[in-house]
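All residue numbers for the sequence shown refer to the numbering used here, where the first residue is 13 and numbers rise by one. C-beta atoms are modelled at their ideal positions from N, C-alpha and C, and glycine is treated no differently. One structure below.
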Amino acid sequence: MSDSQASKIDPASGSEHVILPGATIGMVGGGQLGRMFAMAAARMGYRVGVFCGSSDEPAAEVAAFTVCGPLSDHSAIEAFAKRCDVITLEFENIPADTIAVCSKHAPTYPDASVLAMAQDRWIEKTTLREAGIPVAGFEPVHDRESAIAAGESLGWPIIVKTCRSGYDGKGQHRLNSPGEAALVQWEGAESGDDGQPPWVAEALVPFEREASVIVARTLDQRVQTFPVFENDHQNHILDETKLPADVSPEMQLQAREIATRVAEHLGLVGLLCVELFVTADELIVNEVAPRPHNSGHVTIEACATSQFEQHVRAICGLPLGDTSMVVPAASMLNLLGDIWEAAEARQTLPNWGACLDTPGVALHLYGKHAARAGRKMGHLSAVGSDLADVSERLRLARERLLSDRG
Numbered sequence: 013m014s015d016s017q018a019s020k021i022d023p024a025s026g027s028e029h030v031i032l033p034g035a036t037i038g039m040v041g042g043g044q045l046g047r048m049f050a051m052a053a054a055r056m057g058y059r060v061g062v063f064c065g066s067s068d069e070p071a072a073e074v075a076a077f078t079v080c081g082p083l084s085d086h087s088a089i090e091a092f093a094k095r096c097d098v099i100t101l102e103f104e105n106i107p108a109d110t111i112a113v114c115s116k117h118a119p120t121y122p123d124a125s126v127l128a129m130a131q132d133r134w135i136e137k138t139t140l141r142e143a144g145i146p147v148a149g150f151e152p153v154h155d156r157e158s159a160i161a162a163g164e165s166l167g168w169p170i171i172v173k174t175c176r177s178g179y180d181g182k183g184q185h186r187l188n189s190p191g192e193a194a195l196v197q198w199e200g201a202e203s204g205d206d207g208q209p210p211w212v213a214e215a216l217v218p219f220e221r222e223a224s225v226i227v228a229r230t231l232d233q234r235v236q237t238f239p240v241f242e243n244d245h246q247n248h249i250l251d252e253t254k255l256p257a258d259v260s261p262e263m264q265l266q267a268r269e270i271a272t273r274v275a276e277h278l279g280l281v282g283l284l285c286v287e288l289f290v291t292a293d294e295l296i297v298n299e300v301a302p303r304p305h306n307s308g309h310v311t312i313e314a315c316a317t318s319q320f321e322q323h324v325r326a327i328c329g330l331p332l333g334d335t336s337m338v339v340p341a342a343s344m345l346n347l348l349g350d351i352w353e354a355a356e357a358r359q360t361l362p363n364w365g366a367c368l369d370t371p372g373v374a375l376h377l378y379g380k381h382a383a384r385a386g387r388k389m390g391h392l393s394a395v396g397s398d399l400a401d402v403s404e405r406l407r408l409a410r411e412r413l414l415s416d417r418g
């Protein structure tokens with residue numbers, strides 16, 4: 013326990029697990045999730061230190077202090093961890109030995125066992141299936157022959173994904189027939205640990221829509237879920253998240269129960285997003301992420317407690333916040349680097365004035381200095397009484413970013 017933590021334990025509870033405002037929270041990762049977490053924590057009176065690769069990353073711009081270095085630099089990690097009362101993270105692909113170094117100096121959430129599950133799709137799906145969580149059928153893939161065997165077992169078409177390091181559609185292929193398996197460069201996958209397969213084949217799920225649920229859990233096993241988010245993707249990247257989801261009340265309750273079961277099975281402390289396929293009569297878990305999630309950004313304006321404040325509350329052992337919606341309808345729309353590239357091609361900048369002239373639109377930019385196609389640079393949010401109107405206003409605001417200046 014650090015000297016600063018000793019003075020910030022809640023004297024009423026007498027628990028070392030309750031870390032009060034004034035303490036220092038460490039965030040491993042300097043992206044937009046770390047940035048929004050740091051802003052929420054600072055509003056609650058915490059200092060946030062960030063460990064990241066460089067001092068110009070989004071979270072570093074708003075942190076109380078920053079320690080820079082690679083995740084493999086244990087001396088830098090140790091110097092960072094010694095300054096923290098509790099440590100968390102904004103992405104799951106962190107080496108287990110890095111987490112071990114952090115844990116020697118401060119409670120670190122989520123722990124290495126949760127990360128090991130989230131870092132490998134084969135381990136993730138096996139863990140969920142063993143816990144009785146509904147997942148699509150899956151088979152291991154090592155090469156073309158095993159991909160064909162998986163297709164014959166699961167039924168064509170199949171989705172083949174790298175077990176490690178894939179996101180936003182990267183590292184995955186839809187195979188409609190055995191012939192298409194010959195077109196994939198199978199040797200390009202990163203192998204998992206302990207003989208785990210480098211690829212996993214999944215049965216294609218005939219879903220009606222995609223949804224997600226974010227759940228928070230504390231060390232003393234208190235749990236709270238957010239409402240179900242409905243997600244629309246373009247080119248495998250989240251485009252829009254809407255609240256409330258167009259899902260029956262029974263399925264919404266089931267989705268929140270599934271998220272709770274996953275969090276409890278993993279022994280999670282912190283925040284977890286469970287992504288779901290919604291079919292005509294059931295919910296299928298697609299994947300999980302033990303951190304704040306892009307779909308949860310809508311909670312900043314839509315819910316009594318944002319996902320970022322809830323993350324702070326969960327890892328500090330505070331009472332979990334009210335997650336109910338404070339408005340009838342809300343939506344979030346991503347801003348990708350394509351907008352900046354299109355504006356640059358016209359020798360101009362995005363038209364922020366026209367965008368913000370759209371009624372009720374909130375702008376969140378992440379402070380990234382280089383825009384690339386497909387890179388998440390920010391998002392727009394809006395709330396209202398009618399979801400269709402909210403969504404229409406957001407799309408108009410985004411279109412106006414490339415309008416001519418009057």
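Checklist entry - Can you list, in chain order, the residues of its chain whose CB lies under 6 Å from that of His-376, leaving out five sequence neighbours each side? => result Position 364 of the sequence shown, counting from 1, holds the residue named residue 376. Excluding residues within five positions, the ones whose Cβ falls inside 6 Å are Gly-390, His-391.
Item to check | Residues of its chain near Gly-333, where Cβ-Cβ distance is below 8 Å and the 5 sequence neighbours each way are ignored | outcome: Position 321 of the sequence shown, counted from the start, is the residue given in the question as residue 333. Gln-236, Ala-316, Thr-317, Glu-321, Gln-322, Arg-325, listed in sequence order.
Next on the checklist: If the criterion is Cβ atoms closer than 9 Å, does the pair Cys-175 and Val-212 meet it?
Outcome noted: As a first step, residue 175 is located in the sequence shown; it is residue number 163 there, counting from the start. As a first step, residue 212 is located in the sequence shown; it is residue number 200 there, counting from the start. Cβ distance < 9 Å, so Cys-175 and Val-212 count as in contact.
Next on the checklist: For Gln-197, count the other beta carbons within 10 Å of its own beta carbon; 16 or more makes it buried, fewer makes it exposed. Which is it?
Outcome noted: Taking the first residue of the sequence shown as position 1, residue 197 is located at position 185. So Gln-197 counts as exposed.
Item to check | Contact set for Pro-57: own chain, Cβ-Cβ below 7 Å, skip 5 residues either direction | outcome: Within the sequence shown, the letter at position 45 stands for residue 57. In the sequence on display, residue 57 carries Gly and not Pro. Pro-33, Gly-34, listed in sequence order.
Item to check | Element boundaries [beta strand (DSSP E), containing Lys-388] | outcome: Taking the sequence shown and counting its residues from 1, one reaches residue 388 at position 376. Per DSSP, Lys-388 is one residue of the beta strand (DSSP E) stretching across 388 to 396.
Checklist entry - Just the Cα atoms here: how many angstroms apart are Ala-53 and Glu-404? => result Counting from 1 along the sequence shown, the entry for residue 53 is found at position 41. Counting from 1 along the sequence shown, the entry for residue 404 is found at position 392. Separation of Ala-53 and Glu-404 (C-alpha to C-alpha, rounded to the nearest whole angstrom) is 32 Å.
Item to check | Strand pairing of Trp-352, partner residues [DSSP] | outcome: As a position in the sequence shown, residue 352 is number 340, starting the count at 1. None; Trp-352 has no bridge partner.
Next on the checklist: Assuming Gln-322 is part of the beta strand (DSSP E), what are its boundary residues?
Outcome noted: Numbered from 1 along the sequence shown, position 310 holds the residue referred to as residue 322. Here Gln-322 belongs to no beta strand (DSSP E); instead the alpha helix (DSSP H) covers 319 to 328.
Item to check | Backbone CA spacing between Asn-298 and Ala-112 [nearest angstrom] | outcome: Residue numbering aside, residue 298 sits at position 286 when the sequence shown is read from its first letter. Residue numbering aside, residue 112 sits at position 100 when the sequence shown is read from its first letter. A direct Cα-to-Cα measurement between Asn-298 and Ala-112 gives close to 29 Å.
Checklist entry - Do Glu-136 and His-41 come within 9 Å of each other at the CB atom, strictly closer than that value? => result By 1-based counting over the sequence shown, the position of residue 41 is 29. By 1-based counting over the sequence shown, the position of residue 136 is 124. Note on residue identity: the sequence assigns Gly, not His, to residue 41. Result no, Cβ atoms of Gly-41 and Glu-136 do not sit closer than 9 Å.
Item to check | Closest residue to Ser-84 among Ile-106, Thr-138, Ala-128, Trp-352 (Cα-Cα distance) | outcome: The residue given as residue 84 occupies position 72 in the sequence shown. Of Ile-106, Thr-138, Ala-128, Trp-352, the residue nearest in Cα terms is Ile-106.
Checklist entry - Which residue from Gly-46, Phe-238, Ala-161, Gly-149 puts its Cα closest to that of Ser-336? => result By one-based count along the sequence shown, residue 336 stands at place 324. That would be Phe-238, whose Cα lies nearest to the Cα of Ser-336.
Next on the checklist: Suppose contacts are defined by Cβ-Cβ distances below 9 Å. Is Ser-343 in contact with Ser-224 by that definition?
Outcome noted: For this step, residue 343 is matched to residue 331 along the sequence shown. For this step, residue 224 is matched to residue 212 along the sequence shown. No, the pair does not count as a contact, with Cβ atoms beyond the cut-off.
Item to check | Nearest-angstrom Cα separation, counted from Glu-192 out to Pro-256 | outcome: Mapped onto the sequence shown, residue 256 falls at position 244. Mapped onto the sequence shown, residue 192 falls at position 180. The straight-line gap from Cα to Cα measures roughly 39 Å.
Checklist entry - Any idea if Val-402 is buried or exposed, counting beta-carbon neighbours within 10 angstroms, 16 or more meaning buried? => result The sequence position of residue 402 within the sequence shown is 390, counting from 1. By the 10 Å Cβ count, Val-402 comes out buried.
Checklist entry - Which residues does DSSP pair with Ser-224 in a beta bridge? => result On the sequence shown, residue 224 is found 212 positions in, with the first residue counted as 1. Answer is Phe-241, Glu-287.
Item to check | Rounded separation between Asp-398 and Lys-254 - CA only | outcome: Numbered from 1 along the sequence shown, position 386 holds the residue referred to as residue 398. Numbered from 1 along the sequence shown, position 242 holds the residue referred to as residue 254. Cα to Cα, Asp-398 sits roughly 11 Å from Lys-254.
Next on the checklist: If contact is defined by three or more beta carbon pairs under 8 Å, each pair taking one atom from either stretch, is the stretch 408 to 417 in contact with the stretch 360 to 367?
Outcome noted: yes
Item to check | Beta bridge counterpart(s) of Met-344 as assigned by DSSP | outcome: Against the sequence shown, residue 344 aligns to sequence position 332. Thr-253, Ser-393.
Next on the checklist: Less than 9 Å between the C-beta atoms of Ile-327 and Ile-89, yes or no?
Outcome noted: The residue given as residue 327 occupies position 315 in the sequence shown. The residue given as residue 89 occupies position 77 in the sequence shown. Against a cut-off of 9 Å, the Cβ pair of Ile-89 and Ile-327 comes out as no contact.
Item to check | Burial state of Asp-416 (16 or more Cβ within 10 Å) | outcome: Counting from 1 along the sequence shown, the entry for residue 416 is found at position 404. By the neighbour-count rule (16 or more Cβ atoms within 10 Å), Asp-416 is not buried but exposed.
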